[in-house]
Amino acid sequence: MLASDDDILGQAEVWRRAGKGVAVATVVETWGSAPRPTGSHLVIDDEGHFLGSVSGGCVEGEVVTEAMDVISDGKPRVLEFGVADETAWRVGLSCGGRIRVYVERVD
Amino acid sequence: MRLDLLAELNAARAERRAAVLVTALEGGAQRLVRAEAIGDDALAEQIDAALRSGKSGMVEKDGSSWFLTVQVPPVRLIVIGAVHITQALAPIARLAGFDMTIVDPRTAFATPERFPDTPVIADWPETVLPPMKLDRYTAMACFTHDPKIDDPALEQALAAECFYIGALGSRKTHGKRLERLREKGFSSEQTDRIRAPIGLDIGAVTPAEIAVSVLGEIILALRKKSLRTEKPA
Chain A
36 MLASDDDILG
46 QAEVWRRAGK
56 GVAVATVVET
66 WGSAPRPTGS
76 HLVIDDEGHF
86 LGSVSGGCVE
96 GEVVTEAMDV
106 ISDGKPRVLE
116 FGVADETAWR
126 VGLSCGGRIR
136 VYVERVD
Chain B
1283 MRLDLLAELN
1293 AARAERRAAV
1303 LVTALEGGAQ
1313 RLVRAEAIGD
1323 DALAEQIDAA
1333 LRSGKSGMVE
1343 KDGSSWFLTV
1353 QVPPVRLIVI
1363 GAVHITQALA
1373 PIARLAGFDM
1383 TIVDPRTAFA
1393 TPERFPDTPV
1403 IADWPETVLP
1413 PMKLDRYTAM
1423 ACFTHDPKID
1433 DPALEQALAA
1443 ECFYIGALGS
1453 RKTHGKRLER
1463 LREKGFSSEQ
1473 TDRIRAPIGL
1483 DIGAVTPAEI
1493 AVSVLGEIIL
1503 ALRKKSLRTE
1513 KPA
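For the protein sequence lines, the chains are A and B, in the order given. Using this note's numbering, read the first sequence as starting at 36 and increasing by one per residue. Using this note's numbering, read the second sequence as starting at 1283 and increasing by one per residue.
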């Protein structure tokens, strides 16, 4: 079954109430052909479990890695991905789009 | 994000209430604004526009920028009539992400055997619908073409400004239906919102094809216009 936005933010709450460290990643801006619309969520727990998506699978790995740092230091971050920045970023979007993702800890 | 804001956002969704989470990307300050309390907020205008479009996005005011996470209720589909078309509509509506419920007082039609994966309520619309609290995030399709069953449902859908209201029946049947609704006090502006004959004109013949044309019409109503501008002037 596909996860709807309900399940995704609901899962973040369930994880947090169970005492896990949790981060929420949100697509805040997109340019060009982006796979997931603005407002899409990916939620991550401190063991690297995740639900939802911010791209077609291209950058989730990187977002999960960054989320681990956000969970440990509590500082929100804005990540940017896209082919335009391929020299600056380790991962990019094969579709040619560009996205900004806001990652924050659930406190 | 504070856990209490996340919990409030999840609770609003469960209660079918619209809400917007406002986040300052610089600094991370956040607040949750419920649809009924927009007036008090510094970003009232921007939040109202975001709720109308139903889309999350960045907004700017006085040189600062915020991200608005817009949450509008999940779209429901209520089908009156547990008929053959409904049997075809149930699986495709579920595939397209609609939360569908079937209402039909005729117990021979409204059985779980005929609808293994979709809630079926074997009772009259006037009993079933009021507690369901129809709203602008609800679509209604009436398939019985029995006025005793369809009419009370249509009256409630019109009053609640459901974003899609469709009713099966020929132009002649629909003409008589409109006369009855006008006698009940509905304006022609209101009754014009009823899609009849129901479904997009794709030349549908079989029950399954009619189901596809109806689902297409519902998606058109949902995606091509803002839900909140559906309100009759």
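Cβ atoms here follow ideal geometry from the backbone N, Cα and C, with glycine treated the same way.
query, result
"Chain A within 7 angstroms of methionine 1283 of chain B, Cβ atoms only", "yes"
"Span separating the alpha-carbon of proline 70 of chain A from that of serine 88 of chain A", "10 angstroms"
"Per-residue contacts from lysine 1337 of chain B into chain A (C-beta, under 9 angstroms)", "Pro72, Thr73 and Gly74"
"For leucine 1350 of chain B, three-class secondary structure by DSSP", "strand"
"Valine 49 of chain A in three-state terms, based on DSSP", "helix"
"Own chain residues within Cβ distance below 8 angstroms of leucine 1287 of chain B, not counting five before or after", "Leu1303, Gln1312, Arg1313 and Leu1314"
"Pair within 7 angstroms by beta-carbon distance, aspartate 1405 of chain B and proline 1387 of chain B", "yes"
"Outcome for alanine 1392 of chain B when other beta-carbon atoms lying within 10 angstroms are tallied against a minimum of 16", "buried"
"Alpha-carbon to alpha-carbon, valine 1402 of chain B and threonine 1383 of chain B", "6 angstroms"
"Backbone CA spacing between serine 68 of chain A and arginine 52 of chain A [nearest angstrom]", "36 angstroms"
"Expected contact under 8 angstroms - CB spacing of alanine 1289 of chain B and proline 1355 of chain B to nearest Å", "Contact doesn't hold; Cβ gap of about 17 angstroms is too wide."
"Beta-bridge partners of threonine 65 of chain A, as assigned by DSSP", "A:Ile134"
"Close Cβ partners of alanine 1326 of chain B (< 7 angstroms) along its chain, the five nearest in sequence each way excluded", "Ile1320"
"CA-to-CA distance, serine 75 of chain A to lysine 1343 of chain B, given in whole angstroms", "23 angstroms"
"Inter-residue spacing [alpha-carbon to alpha-carbon] between threonine 1368 of chain B and methionine 1414 of chain B", "20 angstroms"
"Option in B:Ser1335, B:Leu1416 and B:Leu1359 with minimal Cα separation from alanine 1375 of chain B", "B:Leu1359"
"Chain B within 7 angstroms of leucine 77 of chain A, Cβ atoms only", "no"
"Sequence-distant residues of its chain with Cβ nearer than 7 angstroms to lysine 1466 of chain B (five each side left out)", "Glu1437"
"Nearest residue (CA-CA) to glutamate 1318 of chain B, options B:Gly1310, B:Gly1345, B:Arg1298 and B:Val1357", "B:Arg1298"
"Burial state of histidine 84 of chain A, where buried means 16 or more other Cβ atoms lie within 10 Å", "exposed"
"Proximal residues of chain B, C-beta to C-beta of leucine 86 of chain A below 7 angstroms", "Within chain B, no residue comes near leucine 86 of chain A; the closest Cβ sits about 14 angstroms away, beyond 7 angstroms."
"When B:Asp1417, B:Phe1425 and B:Phe1349 are compared against valine 1385 of chain B, the one with the closest alpha-carbon", "B:Phe1425"
"Which of helix, strand or coil DSSP assigns to threonine 100 of chain A", "helix"
"Simplified DSSP state of glycine 83 of chain A, which is helix, strand or coil", "coil"
"Contact under 7 angstroms by Cβ, glycine 1481 of chain B with glutamate 1499 of chain B", "yes"
"7 angstroms CB neighbourhood of valine 1352 of chain B in its chain, flanking five on each side removed", "Val1302, Ala1332, Leu1333, Gly1336, Lys1337 and Ser1338"
"Distance between threonine 1305 of chain B and arginine 135 of chain A (C-alpha atoms, nearest Å)", "14 angstroms"
"Test: aspartate 104 of chain A CB closer than 7 angstroms to a CB of chain B", "no"
"Buried versus exposed, by CB contacts within 10 Å (16 or more), arginine 140 of chain A", "buried"
"For alanine 1478 of chain B, the nearest candidate out of B:Asp1432, B:Ala1296 and B:Ala1324 (CA to CA)", "B:Asp1432"
"Secondary structure of leucine 1416 of chain B, DSSP reduced to three states", "coil"
"Coarse secondary structure for glycine 1481 of chain B, derived from DSSP in three states", "coil"
"Interface flag, arginine 133 of chain A vs chain B, CB-CB below 7 angstroms", "no"
"Beta strand (DSSP E) segments (min. 3 residues) lying fully within the region 1437–1508 of chain B", "1446–1449"
"Proximity below 7 angstroms, CB of valine 63 of chain A to CB of phenylalanine 1349 of chain B", "yes"
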